[in-house]
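Asker: Dumping the structure here so I can ask a few things about it.
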Amino acid sequence: MKPSSTAFLSLALLCPLPAIAGSLTLTIDNDGAIGSDRDYSSGLFLQYHAGNQAVAQAPDALQRLSHWLPGHDRQQLGWSVALGQQIWTPEDIEAPLPPEGERPYAGLLFTQWGLQRSAPDRADRFDLMLGTVGPRAMAEEGQKFVHLLIGSDEPMGWDSQIEDQWIANLDYLGDRLIQRRDVGLGGEQDSALSYRVRAGNFQSELALGGVVRWGEGLASSLGSAGFVQGNLVDTRLLNNGAGQFGFIGLEGRYRFNDITIEGDRPEEVPDTEITPWQASLVLGYVYYRSRWGASLSFEGHTHAYEEARHQFDGYASVNLFWRFR
C-alpha cells in the first residue's frame, strides 16, 4: 500500500477506536461577562477526548498516523473530536446594517478532529476543522434564542451577515518548556514558549507567545493554557489525575486572512479590512480532580480589523469537564 493510502486509512480508523480513558468538555465563551458586546460575541463548544496513552500502547492506527507527523517521539498520544459554534457581531445589534467602523455579522459552525502528543517538556497538537460560515451556521437562531432567555435586545442585522461558504482549516500548535522549578509547599512554577500555524480559508496566521503558570501537576499539563478561542484551556493535555494552576500569557501574531471580516457579504454592508498584526493577553485558573474539573479564563486582544473604533476587545471563557477512568 502506498504511504499516502496508509495515512488516509489511519485517519478513517480513528473514530471507532476504543478509549481507555477520556474526557468530555463543555466550553462557553462570552464577551458579556466583561461588559462588552461586540466583535467576538460568543462561542459554544463540546469536545470528546479519547484520553492520552503511552505511544507504544496506543492503537496501531493512531501510531501509524502519528508517525506521518513531525515530532513523533512524544511520550503520550491521544485524539479528540469537537463540535462548535461561534458568533461575531457589530456593537450596535439593533441596527439592520452594521454602521461604518463596525464589523459584519458572522457565524461559524464546525467540527474539528485533533491529534495530540505530549511530554513533560513539550506538546504538539494537530487539528483539522471543517465547517461553514453564513446562514447555514445557524448563528442567528442561536443568538436570538439566548437573548430571548436572558432578556437582552434582539439582534436585528443578521440578514446582512457574511454569506454561506464552506471552510477548511489545518492548525498546528506547539509548546516548549523554558524552565520549571519548585516554589515550596508542594507548588511549582514554569514558563513555556507557545507557537501556532493556521492555514485555511477560515483564518491563516503565524503566532508566537509565552505562558507562565503557578500551581500543581505542571509537568503533566504543559500546553494546556493557550490563546485560541474556545480553547484557552486545552483539557486534552491534562494528563495527571489531579492538579490546579493559575496562568498568564502574552501572544503576538500575523494574520493573513479572516473570513469573518473579509468574507462575501450583501452589497449594502460596508467593507472591512483585516488588521494583520495583532496581540492577545490571557489569564485564568484551572482546577481538576480525577472525575471532573473546571476553569475560568479571560482574554483581551487588540482590534482585529482596521475600521474598528475600539483599540481592544475581549471575552471570558468557562470550561466544565468530566473525566472517565
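Throughout the sequence shown, residue numbering follows mature numbering (1 follows the signal peptide of the UniProt record, and there is no 0), covering -21 to -1, 1 to 304 in sequence. Glycine included, every Cβ here is placed at the ideal spot set by N, Cα and C.
Tell me which residues share the same chain as Leu76 and place their Cβ nearer than 7 Å to its Cβ, disregarding the 5 neighbours each side in the sequence.
Answerer: Around Leu76: Gly136, Ser139, Glu247 and Val248.
Asker: Would you decide whether Phe24 is buried or exposed? Buried here means 16 or more other CB atoms lie within 10 Å of its CB.
Answerer: Its Cβ being crowded by 16 or more others within 10 Å, Phe24 is buried.
Asker: Only counting the same chain, and skipping five residues up and downstream in sequence, which positions put a Cβ closer than 6 Å to that of Leu107?
Answerer: Closer than 6 Å at the Cβ level, and outside the excluded window around Leu107, lie Trp92 and Leu149.
Asker: Whole beta strand (DSSP E) runs in the segment 47 to 122 with 3 or more residues, listed along the chain?
Answerer: Whole beta strand (DSSP E) segments, 3+ residues: 55 to 68, 85 to 98 and 101 to 112.
Asker: Answer yes or no: do Gln55 and Asn218 have a C-beta to C-beta separation smaller than 8 Å?
Answerer: Yes, the pair counts as a contact, with Cβ atoms nearer than the cut-off.
Asker: Please go through the same chain and pick out, in chain order, the residues whose beta-carbon is closer than 7 Å to the beta-carbon of Arg288, but skip the five residues on each side of it.
Answerer: Excluding positions up to five away in sequence, the list reads Gly80.
Asker: Count the other C-beta atoms from every protein chain shown that fall within 10 angstroms of the C-beta of Ser269, then say buried if there are 16 or more, exposed otherwise.
Answerer: Answer is exposed; the Cβ neighbour count stays below 16.
Asker: Taking the straight line between their C-alpha atoms, what separation do you get for Ser20 and Ser274?
Answerer: Ser20 and Ser274: Cα-Cα distance of roughly 19 Å.
Asker: When we look at the beta-carbon of Tyr231 and count the other beta-carbons within 10 Å, is it buried (16 or more) or exposed?
Answerer: The sequence as given places Gly at residue 231; Tyr does not occur at that position. Classification for Gly231: exposed.
Asker: For Asp132, which option in Gln64, Glu70 and Leu299 has the closest C-alpha, if you only look at C-alpha atoms?
Answerer: Of the listed residues, the one whose Cα sits closest to Asp132 is Glu70.
Asker: Can you tell me which of the three DSSP states Ser139 falls into?
Answerer: Here Ser139 sits in helix by DSSP.
Asker: Could you tell me if Trp67 is buried or exposed, where buried requires 16 or more neighbouring beta carbons within 10 angstroms of its beta carbon?
Answerer: Result: buried.
Asker: Ordered along the chain, which non-local residues of its own chain (more than five positions away) have a Cβ less than 7 Å from that of Pro245?
Answerer: Excluding positions up to five away in sequence, the list reads Ser139.
Asker: For Leu156 versus Met117, is the C-beta spacing smaller than 8 Å?
Answerer: Contact: no.
Asker: Does DSSP classify Gln144 as helix, strand or coil?
Answerer: Note: Gln144 maps to strand in three-state DSSP.
Asker: Can the beta-carbon of Phe303 be found less than 8 Å from the beta-carbon of Gly272?
Answerer: No.
Asker: Does DSSP put Gly205 in a helix, in a strand, or in coil?
Answerer: DSSP places Gly205 in coil when its eight states are reduced to three.
Asker: When you measure from the CB of Trp145 to every non-hydrogen atom of the ligand GDP, does any distance come out below 7 Å?
Answerer: Of ligands this structure carries none, so the ligand GDP is not represented either.
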